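Chemist: Per our numbering, the sequence shown starts with residue 2, numbered consecutively.
Structure below; questions to follow.
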Amino acid sequence: IDEFGLHKVRKNFGDRLSGGERRRAEIARCLAIDPKFIMLDEPFAGVDPIAVQDIQTIVGRLKHKNIGILITDHNVHETLSITDRAYLLFEGKVLFQGTAEELAANEIVREKYLGRDFELRKKTL
């Protein structure tokens with residue numbers, strides 16, 4: 002609870018948590034069974050910028066603990082900045098797979114999804 006900054010809300014019902022608190026609680030709940038992998042479905046949706054940074058930091062800590070993390074999200078900047086490998090689905094098919102850097106440099110990906118002005122900003126976790 003303390004590791005995820007949830008001590009002050011530990012007695013609250015789920016519907017009383019903010020988006021960031023809810024995401025951190027979801028991740029903490031997943032870790033209760035000591036998984037090798039976890040899936041985060043749109044962890045950056047509906048949360049404020051500070052919560053995004055908190056979740057990215059948590060993902061970094063999990064990576065250092067050798068826990069695999071599969072993230073599905075439309076928030077490209079937030080997701081690609083922390084991923085080791087990315088798969089881009091477009092019209093129901095894998096359009097591209099590779100590192101975030103490779104994805105951001107691919108002309109077809111830029112044309113169909115990212116836009117020409119997209120800039121990748123990797124974070125050190």
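The beta-carbon is built from N, C-alpha and C at its ideal position, and this holds for glycine as well.
In this text the structure is predicted, and so the values were computed from the model without any measurement.
1) Could you compute how far the alpha carbon of Arg117 sits from the alpha carbon of Thr125?
2) Return the chain-ordered list of same chain residues with a C-beta closer than 6 Å to the C-beta of Gly99, the five sequence neighbours on each side being excluded.
3) Which residue comes first and which comes last in the alpha helix (DSSP H) that contains Lys64?
4) Could you check whether the segment 35-45 touches the segment 56-76, counting it as contact only if at least three pairs of C-beta atoms, one from each stretch, sit closer than 8 Å?
5) Near Met40, which residues of its chain fall below 6 Å by C-beta distance, leaving aside the five closest residues on each side in sequence?
6) For Gly69, write down the residues that DSSP places opposite it in a beta bridge.
7) Does the structure place the segment 80-89 close enough to the segment 99-112 that three or more beta carbon pairs sit under 8 Å?
8) Does DSSP put Ala87 in a helix, in a strand, or in coil?
9) Mind checking Thr80: buried by the 16 CB within 10 Å criterion, or exposed?
10) Can you tell me which of Glu120, Pro50, Lys123 puts its alpha carbon nearest to the alpha carbon of Gly21?
Modeler: Here's the rundown:
1) 25 Å
2) none
3) 50-65
4) yes
5) Excluding positions up to five away in sequence, the list reads Leu71.
6) Phe38.
7) yes
8) strand
9) buried
10) Pro50
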